[in-house]
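Structure first, commentary second.
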Amino acid sequence: MTDGSGGDNGVLWPLVRALMRVGCLNDLSSRNLVIRILGDELGDPLTVDEYPQTTTHLFSLVHACRQRPDGLAKLLVVLERLEPGSTAMGDVRRVISEMIVYDTISPEDRRQLFTLLSGVVIPDIGDIYRFVAGEAALDLPEQTTYQELFRALETLNANVQGIPKPIVFVEHLANRVRLDLAVELQRWVSGQAGKLGLEAELVKLREQVAMTAVRKPPQRSDGYVVFQIERAGPSGEAYRIATWKQLDVTEGWHPERSADIHAATLSEMQFRVAEVIESVESEWAQFEPTIRLEFLLSTELLNLDVDQWQWETESRFPEPMGCRFLVSIRSLERMKARKWHRAWYIRWKELKTQVDQNNGVTRGGGYQNRSNAHQALRELVAHFERSPAVVSLILSSPPAGTTYTDEISIALRAGIPMIIWHRSDCDAEEFGAAVENILYEANDRHLLDRVRLVRANAYADGLGPQHVGGQLTILWDDPERMVIPEGVPA
2 MTDGSGGDNG
12 VLWPLVRALM
22 RVGCLNDLSS
32 RNLVIRILGD
42 ELGDPLTVDE
52 YPQTTTHLFS
62 LVHACRQRPD
72 GLAKLLVVLE
82 RLEPGSTAMG
92 DVRRVISEMI
102 VYDTISPEDR
112 RQLFTLLSGV
122 VIPDIGDIYR
132 FVAGEAALDL
142 PEQTTYQELF
152 RALETLNANV
162 QGIPKPIVFV
172 EHLANRVRLD
182 LAVELQRWVS
192 GQAGKLGLEA
202 ELVKLREQVA
212 MTAVRKPPQR
222 SDGYVVFQIE
232 RAGPSGEAYR
242 IATWKQLDVT
252 EGWHPERSAD
262 IHAATLSEMQ
272 FRVAEVIESV
282 ESEWAQFEPT
292 IRLEFLLSTE
302 LLNLDVDQWQ
312 WETESRFPEP
322 MGCRFLVSIR
332 SLERMKARKW
342 HRAWYIRWKE
352 LKTQVDQNNG
362 VTRGGGYQNR
372 SNAHQALREL
382 VAHFERSPAV
392 VSLILSSPPA
402 GTTYTDEISI
412 ALRAGIPMII
422 WHRSDCDAEE
432 FGAAVENILY
442 EANDRHLLDR
452 VRLVRANAYA
462 DGLGPQHVGG
472 QLTILWDDPE
482 RMVIPEGVPA
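So the sequence shown is numbered by my numbering: it starts at 2 and just counts up by one.
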C-alpha cells in the first residue's frame, strides 16, 4: 500500500530498500562517488540532496534519477559496473525494470485514465484486482481508490504476454462498465500497448478476457445524449450546458455526466453542442446505435429551434441535427417539480401502452387545444382531470416563455409526456396534417422517427422555416430516464 499523498514516494521505497544492500552505497563517500560517476554517464552533474543517514540519502538519489528520462537506466548501468554479479544487484535490477515500466505511462495518460474512471463504481473491483495481481496481490483496505490499486499493480511483474499489469487491469475494467466508457478504456489500453510495441500481445490478452467475461455490445441499441441548457451570466446572454450520455439502456438508466460547457453566445453554444455530437458519433460508431438527442430546457427556452442546429462543427453542406437524429425536448421545470411526477409516471405508462398496442396514439390519447385564453385554460385543466387516457397535447400557440400561465405549463403539471407545437403558427393547415400522421398513423416507425422524417422532408424541399418540418417541436419526456438538475436533491 502506498502513501495517501498522491505522489510517487510509495513507488520509490522498494528501490531504496534494494540499494541499501549494495556494498558500494553503504557509506557517504562511496555514495557521493557513485553520484559523480552517474553524472558523468548522464553527461552533466546529477544534483542530489545530501543526508548523513543512508536511507534518506538513497531516497534523494532515487528521486533525482526519477526526474531524468534515463536516470534509472543509467543508475543501473553504473552499479552493474561497480558491483557486477552480486546478489544484491539482482534485486536492484528487478525493481528498476519494474519502475521503468511504471514510467512508460506518462502523467498525462494517468490523468486521462483516472478522469475516465472518476465516479465509476464497480462492485467486484477487489476481485478484479486480485485476479490480475495473482498470488502476489497485496491485502488492500476495502475502501481503496483506483490510483492505489494501479500503484499496487505497478510493483508486480508483467503478465505472461509482457503487458504491464496495470494495463491488464484496465482492460478487465472495460468489461465491467457501460459500453461508451468501455470504448474509451479500451482505446486507452490500445494506446499504451502501442507505445510499448505490444499490439500483438494485446490481441491475445483480449481473447483471454473475452473467454472469462463475454460481453457482446448490442447492435442497433439506443444511445442517449441529454443537453441541459440554461442561461448564465449577469446579463443572461451566456449559456451553461450540462451533458449526460449513455449507450444502451438494457441494464438500466445510469448516464455519465460530462464536464459543464460554458458559451458566451447562442452561436458558440450551437458550436459546442455540435462538438459533443461529433464526439458521440465517433465513439459509438461501431455499435450502430439509434442516437437520441434530448434538450432539457427551462420554460423560457422551450421554443428554441434546437432541431435545426447543424450537427457538425464544419460542413460544406450543413445538415440540421433533426434530419439525422431523433431530436426532442424535455422540461427542466417538471423534472425539478417532484410534486408533478406521480401524474407524469401514470400518463407515461399510458402512452407506452397505447403505442405498443396501436403503433401510435389512440384518438382519445391526443388532444388539440384551441385557445390560450383564461377560460380555455380552465377547461383544459378540467379535461385533463376527466381524461386519464390523454397522453399528448397539440398546442394552440407556441410557449410564451413564462411559468404557470399557459397551456404547456398546465400540460406539464398534468403529467402529459408528449407535447407538439409549431414554433410560429400552430393554426397552419400543414401543421395539423403533419400532427395527424405523426400521432395516429399506424406504422412500425417510432413516433420520434416520424417527426425526423417530416424534418428531413423540409430540408429536402429547401423551404426552411416555411415548411412545417422546419418549425416542428416535440416534447417527449420520459420520467423513467431522469437526470437530476443541479440544486435539486437526489
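In this text, a Cβ means the ideal position worked out from N, Cα and C, and glycines have one as well.
- [ ] Please report how far the alpha carbon of arginine 18 lies from the alpha carbon of histidine 58, in whole angstroms.
- [x] Here residue 18 refers to the residue found at position 17 when the sequence shown is read from its first residue. Here residue 58 refers to the residue found at position 57 when the sequence shown is read from its first residue. Taking the straight line joining both Cα atoms gives about 12 Å.
TODO: Please confirm if the stretch 344–354 is in contact with the stretch 306–318, defined as three or more CB-CB distances below 8 Å between the two stretches.
DONE: no
TODO: Using alpha carbons as the reference points, say which of Leu378, Glu202, Val391 lies closest to isoleucine 409.
DONE: As a position in the sequence shown, residue 409 is number 408, starting the count at 1. Of the listed residues, the one whose Cα sits closest to isoleucine 409 is Leu378.
TODO: Helix, strand or coil for methionine 212, going by three-state DSSP, please let me know.
DONE: Taking the first residue of the sequence shown as position 1, residue 212 is located at position 211. DSSP places methionine 212 in helix when its eight states are reduced to three.
Task: Cβ separation of tryptophan 341 and leucine 394, assumed to be a contact under 8 Å, to the nearest whole Å - done: By one-based count along the sequence shown, residue 341 stands at place 340. By one-based count along the sequence shown, residue 394 stands at place 393. Their Cβ separation, rounded to whole angstroms, is 15 Å, which puts tryptophan 341 and leucine 394 out of contact at 8 Å.
- [ ] Can you say whether isoleucine 421 is buried or exposed, counting buried as having 16 or more other CB atoms within 10 angstroms of its CB?
- [x] For the purposes of this step, residue 421 is taken as the residue at position 420 of the sequence shown. When all chains shown are included, isoleucine 421 counts as buried.
- [ ] Would you kindly work out how many angstroms separate the C-alpha atoms of leucine 26 and valine 79, rounded to a whole number?
- [x] In the sequence shown, the residue the question calls residue 26 occupies position 25. In the sequence shown, the residue the question calls residue 79 occupies position 78. Each residue's Cα considered, the two are about 12 Å apart.
Task: Boundaries of the beta strand (DSSP E) in which threonine 244 is found, first to last residue - done: Counting from one through the sequence shown, the residue named residue 244 turns up at place 243. Unbroken beta strand (DSSP E) run through threonine 244: 239–248.
- [ ] Flag this pair as yes or no: are the beta carbons of glutamine 247 and proline 256 separated by less than 8 Å?
- [x] Position 246 of the sequence shown, counted from the first residue, corresponds to residue 247. Position 255 of the sequence shown, counted from the first residue, corresponds to residue 256. Closer than 8 Å, so yes.
Open item on the list: Starting from aspartate 223, trace the beta strand (DSSP E) in both directions and tell me its first and last residue.
Closed with: Residue numbering aside, residue 223 sits at position 222 when the sequence shown is read from its first letter. Where aspartate 223 is concerned, the enclosing beta strand (DSSP E) stretches over 223–233.
Task: Bounding residues of the beta strand (DSSP E) (the contiguous stretch that carries methionine 419) - done: For the purposes of this step, residue 419 is identified with residue 418 of the sequence shown, where counting begins at 1. Taken as a continuous stretch (DSSP letters only), the beta strand (DSSP E) holding methionine 419 covers 419–423.
TODO: Ignore the nearest five residues each way along the sequence and tell me which others in valine 133's own chain have a CB closer than 7 Å to its CB.
DONE: For the purposes of this step, residue 133 is taken as the residue at position 132 of the sequence shown. Excluding sequence neighbours, valine 133 sits near Leu154, Lys166, Val169, Phe170, His173.
Task: Closer than 7 Å: glycine 416 CB and nearest the ligand ADP heavy atom - done: This structure lacks the ligand ADP, and indeed carries no ligand of any kind.
Task: Beta-carbon spacing of glutamate 351, alanine 401 below 8 Å - done: Within the sequence shown, numbered from 1, the residue matching residue 351 stands at position 350. Within the sequence shown, numbered from 1, the residue matching residue 401 stands at position 400. No, these two residues do not count as a Cβ contact at 8 Å.
TODO: Would you identify the three-state DSSP class for glutamate 257, choosing helix, strand or coil?
DONE: Working through the sequence shown from its first residue, we reach residue 257 at position 256. DSSP places glutamate 257 in strand when its eight states are reduced to three.
Open item on the list: Along the chain, where does the alpha helix (DSSP H) containing isoleucine 164 start, and where does it finish?
Closed with: Counted from its first residue, the sequence shown places residue 164 at position 163. From DSSP, isoleucine 164 is part of no alpha helix (DSSP H); its letter is neither H nor E.
- [ ] Entirely within the stretch 308–364 and at least 3 residues each: give me those beta strand (DSSP E) ranges in chain order.
- [x] 327–332
Task: Among Thr88, Met212, Ser98, nearest to leucine 16 - alpha-carbon criterion - done: Position 15 of the sequence shown, counting from 1, holds the residue named residue 16. Answer by Cα proximity: Ser98.
Task: For serine 280, three-class secondary structure by DSSP - done: Start at 1 with the first residue of the sequence shown, and residue 280 comes out as number 279. The answer is helix: DSSP assigns serine 280 an H, G or I state.
- [ ] Rounded to whole angstroms, what's the CA-CA distance from leucine 473 to valine 274? Just pull it up for me.
- [x] Translated into positions along the sequence shown, residue 473 becomes position 472. Translated into positions along the sequence shown, residue 274 becomes position 273. Whole-angstrom Cα-Cα distance: 20 Å.
TODO: Use the C-beta contact count for proline 418: other C-beta atoms within 10 angstroms, 16 or more gives buried, fewer gives exposed.
DONE: Along the sequence shown, read from residue 1 onward, the residue named residue 418 stands at position 417. The residue in question, proline 418, is buried, as its Cβ has 16 or more Cβ neighbours within 10 Å.
Open item on the list: For alanine 443 and asparagine 360, which I take to be in contact (beta-carbon distance under 8 Å), what is that distance rounded to the nearest angstrom?
Closed with: Here residue 443 refers to the residue found at position 442 when the sequence shown is read from its first residue. Here residue 360 refers to the residue found at position 359 when the sequence shown is read from its first residue. Indeed, because the Cβ distance is near 5 Å, the residues count as touching under 8 Å.
- [ ] Hey, could you find the ends of the beta strand (DSSP E) tyrosine 52 is sitting in?
- [x] On the sequence shown, residue 52 is found 51 positions in, with the first residue counted as 1. Note, tyrosine 52: premise wrong, no beta strand (DSSP E); not H, not E.
Task: Rounded C-alpha distance that separates glycine 237 from serine 329 - done: Within the sequence shown, numbered from 1, the residue matching residue 237 stands at position 236. Within the sequence shown, numbered from 1, the residue matching residue 329 stands at position 328. Using only the alpha carbons, I get a separation of about 24 Å.
Task: Cα-Cα separation between glutamine 209 and glutamine 193, rounded to whole angstroms - done: Your numbering for residue 209 matches position 208 in the sequence shown. Your numbering for residue 193 matches position 192 in the sequence shown. Cα to Cα, glutamine 209 sits roughly 18 Å from glutamine 193.
TODO: Give me the Cα-Cα distance between aspartate 128 and glycine 135, rounded to the nearest whole angstrom.
DONE: Position 127 of the sequence shown, counting from 1, holds the residue named residue 128. Position 134 of the sequence shown, counting from 1, holds the residue named residue 135. About 10 Å.
TODO: Let me know if alanine 211 comes out buried or exposed under the rule of 16 or more other beta-carbons within 10 Å of its beta-carbon.
DONE: In the sequence shown, the residue the question calls residue 211 occupies position 210. Alanine 211 comes out exposed.
TODO: Answer yes or no: do aspartate 50 and serine 61 have a C-beta to C-beta separation smaller than 8 Å?
DONE: Residue numbering aside, residue 50 sits at position 49 when the sequence shown is read from its first letter. Residue numbering aside, residue 61 sits at position 60 when the sequence shown is read from its first letter. Yes. Within cutoff.
Open item on the list: Beta-carbon within less than 6 Å of tyrosine 441's beta-carbon, same chain only, minus the 5 sequence neighbours each way: which residues are those?
Closed with: As a position in the sequence shown, residue 441 is number 440, starting the count at 1. So the list reads Gly361, once near-sequence residues are dropped.
Task: Touch test, the stretch 292–305 against the stretch 175–193, Cβ-Cβ under 8 Å, three pairs minimum - done: no
- [ ] Could you work out which residue in Leu34, Arg331, Leu302, Arg111 is closest to glutamate 149 when comparing CA atoms only?
- [x] Position 148 of the sequence shown, counted from the start, is the residue given in the question as residue 149. Nearest of Leu34, Arg331, Leu302, Arg111 to glutamate 149, Cα basis: Arg111.
Task: glutamine 229 burial status per 10 Å Cβ neighbour count (16 or more: buried) - done: Here the question's residue 229 lines up with position 228 in the sequence shown. Glutamine 229 is buried by the Cβ-count criterion.
- [ ] Following the continuous beta strand (DSSP E) through arginine 293, name the residue where it begins and the one where it ends.
- [x] Indexing the sequence shown from 1 puts residue 293 at position 292. Element bounds for arginine 293: 291–298.
- [ ] Using alpha carbons as the reference points, say which of Ala183, Ala461, Arg69, Ser87 lies closest to glutamate 320.
- [x] In the sequence shown, the residue the question calls residue 320 occupies position 319. Nearest of Ala183, Ala461, Arg69, Ser87 to glutamate 320, Cα basis: Ala461.
- [ ] Starting from alanine 264, trace the alpha helix (DSSP H) both ways and give me its first and last residue.
- [x] Residue numbering aside, residue 264 sits at position 263 when the sequence shown is read from its first letter. Element bounds for alanine 264: not the alpha helix (DSSP H) but the beta strand (DSSP E), 262–264.
Task: Neighbour-count burial assignment, histidine 468, 16 or more Cβ in a 10 Å radius - done: Translated into the one-based positions of the sequence shown, residue 468 becomes position 467. So histidine 468 counts as buried.
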